[in-house]
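**Q**
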Amino acid sequence: MRMKEIELKFNVRIYPSLEELPAYAQKLILLAREAANRAYAPYSGYHVGASVLLENGELITGNNQENAAYPSGLCAERTALFYASSKFPQIAVRTMAISALNGKMLPGEFARPCGSCRQVIAEYEDLSGTPIEIILDGSSAITVVDGIDTLLPFRFKKEDLGKSDG
Ligand code: THU
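In my numbering, the protein residues as written are 2 to 167.
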């Protein structure tokens, strides 16, 4: 086979202000911001909050939890998703919002989940088979994507383990 080049396309919606988002999304962002304010981040000073809307209507929040032994801490997104899954196993995640309010965010920047959190978001998306809408709060706009493929293309999947069921 000869080398071929493919182009991947995805849509990103950029909202200039909170008020332009649907009500449920506004609520999620406000919850994520509140959660960011409660983060335990004495080492990095980077306060992250995440909120999750489940298919059953439940709202779950989480924030980053740091530790003197640095790798023992956990990101906001995983704190929220693991809590959601522990409390409501098998209930699909519909939408997730992520906020980072630390005064360090540069103009035009938005909260970007780390690679490990993207992989964890993908796990729950694959579990339900429905894309998770991801809302990224920002200093001057709010960015929305319609599934983890946009943030983590060519990701590792359970199929790579030779397993196709849970
Ligand atoms: N952090 C998150 O909570 N989420 C991310 O996706 C990126 C990083 C946290 C982890 C750590 O407490 C701090 O931000 C600095 O990396």
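By construction, the Cβ of each residue, glycine as well, lies at the ideal position given by its N, Cα and C atoms.
(1) DSSP three-state label for residue 116, please.
(2) Look up residue 134 in the DSSP assignment and give the residues it is bridged to.
(3) At which residues does the beta strand (DSSP E) containing residue 25 begin and terminate?
(4) The alpha helix (DSSP H) that contains residue 73, what's its start and end?
(5) For residue 111, which option in 80, 126, 15, 84 has the closest C-alpha, if you only look at C-alpha atoms?
(6) With DSSP as the reference, label residue 7 as helix, strand or coil.
(7) Keeping to the same chain, check which residues put their C-beta closer than 8 Å to that of residue 132; ignore five residues upstream and five downstream.
(8) Using a Cβ-Cβ cut-off of 6 Å (strictly less than) and excluding sequence neighbours within five positions of residue 159, which residues of its own chain qualify?
**A** The relevant details are as follows:
(1) Here residue 116 refers to the residue found at position 115 of the sequence shown. In the structure shown, residue 116 sits in a helix (DSSP, three-state: H, G or I).
(2) Residue 134 sits at position 133 when you count from the first residue of the sequence shown. Partner(s): 96.
(3) For the purposes of this step, residue 25 is taken as residue 24 along the sequence shown, with counting starting at 1. It is not in any beta strand (DSSP E) - residue 25 instead sits in the alpha helix (DSSP H) that spans 24-38.
(4) Numbered from its first residue, the sequence shown carries residue 73 at position 72. Note, residue 73: premise wrong, no alpha helix (DSSP H); not H, not E.
(5) Locating residue 111 in the sequence shown gives position 110, where the first residue counts as 1. Nearest neighbour of residue 111 by Cα position, chosen from 80, 126, 15, 84, turns out to be 15.
(6) As a working note, residue 7 is residue 6 in the sequence shown. In the structure shown, residue 7 sits in coil (DSSP, three-state: anything other than H, G, I, E or B).
(7) If you number the sequence shown from 1, residue 132 lands on position 131. Excluding five sequence positions before and after residue 132, the CB atoms of its chain that fall closer than 8 Å to its own CB belong to 126, 147, 148, 149, 150, given in chain order.
(8) Looking up residue 159 in the sequence shown gives position 158. Correct list: empty, nothing qualifies.
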